[in-house]
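> First residue of the sequence shown: 118, per our numbering; consecutive thereafter. Note that beta-carbon positions come from the ideal geometry of N, C-alpha and C, so glycine has one too. Note that the structure is a prediction, hence the values are computed from the model and not measured.
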Amino acid sequence: MSNDLLDLTLKRRSTRIFLTDEIEDNTINEILKIALTAPSSWGEHPVHFVVVKDKEMIREIAHCKAMGANPLIQSNVCIVVMVDTSNCELWIEDASVASTYILLAAEQFNIGACWIHIRNRAGQVKSADEEIRELLNVPDNFRVLNCIALGQKGEFKKEYSEDKLHIENIHHDFFLGVV
Ligand SMILES: Cc1cc2nc3c(=O)[nH]c(=O)nc-3n(C[C@H](O)[C@H](O)[C@H](O)COP(=O)(O)O)c2cc1C
């Protein structure tokens, strides 16, 4: 039996080197539509996405993270994933699931993507989260989980192989076997 979703997840790898070629707006919209189908706690859909295409703005966003945001600088599109936390206990989970959908959706369109983590990361002066919210004019009740760097792939990594999956991480009935 073919398993298209498994094939897609085996192919998906983080891309940190991007070409300068643009991503079509329609492709970005399709990726975001898929992100909007992600499950969320209580079905509240509290995750918001700020799509940034302006290169200078992307550079400024990258600068808000003290270290490790280099892949963003090369990207063509930066999706900043954030949640209205005023009534959302599980905001990290909600934003993580939506982010995962973006990574998989990007791969489906053969677009490279990388999760650049923001939550609990230092900025230049304040936290990276606060600095990005100030830059993008985001209300105080929101928190930023990450930025997803998107672009045409400039590097090609080996796909995951089905026979090298961490199958030992799957436990049946009990974690340890009962003797
Ligand atoms: C919660 C989380 C945080 C991550 N943060 C970063 C990051 O800040 N910078 C980065 O380059 N990659 C980041 N990544 C990507 C991981 O480094 C990458 O998924 C991992 O090395 C496995 O490689 P793969 O994505 O090619 O399977 C993050 C991934 C996750 C799930």
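Could you tell me which whole beta strand (DSSP E) segments of length 3 or greater appear in the stretch 120-208?
164-169, 194-201
> Exposed or buried, what is T137 when buried is set at 16 or more other beta-carbons lying within 10 Å of its beta-carbon?
Exposed: under 16 other Cβ atoms inside 10 Å.
> Identify the continuous beta strand (DSSP E) that holds I228 and give its terminal residues.
228-234
> Hey, how far is the Cα of L262 from the Cα of V197?
8 angstroms
> Along the chain, where does the beta strand (DSSP E) that runs through R260 open and close?
259-269
> Looking at C-alpha atoms only, which residue of I140, D124, K172, I209 is the closest neighbour of G229?
I140
> To the nearest angstrom, how far is the alpha carbon of K182 from that of L220?
21 angstroms
> With three or more C-beta pairs closer than 8 angstroms as the rule, is the stretch 278-286 touching the stretch 209-227?
no
> Can you tell me whether S278 is helix, strand or coil according to DSSP?
coil
> Take H180 as the anchor and find which of E161, H162, D246, S119 has the nearest alpha-carbon.
D246
> Determine the burial state of N193: buried for a count of at least 16 other Cβ atoms within 10 Å of its Cβ, exposed for fewer.
buried
> What does DSSP give as the partner residues of S213 in its beta bridges?
According to DSSP, S213 bridges with nothing at all.
> For ligand 1, I want to know if G185 counts as a neighbour, meaning its beta carbon is within less than 6 angstroms of at least one of the ligand's heavy atoms.
yes
> Tell me whether the stretch 147-160 and the stretch 248-255 touch, counting them as touching only if at least three CB pairs, one residue from each stretch, are closer than 8 angstroms.
no
> Output yes or no for whether 7 angstroms exceeds the beta carbon distance between D211 and S158.
yes
> For the putative contact between C195 and I235, defined by C-beta atoms under 8 angstroms, what is the C-beta separation to the nearest angstrom?
Not really, about 11 angstroms apart at Cβ, beyond 8 angstroms.
> Could you pull out every residue in the same chain whose Cβ sits closer than 6 angstroms to the Cβ of S203, ignoring the five residues on either side in sequence?
Closer than 6 angstroms at Cβ, skipping near neighbours: N258.
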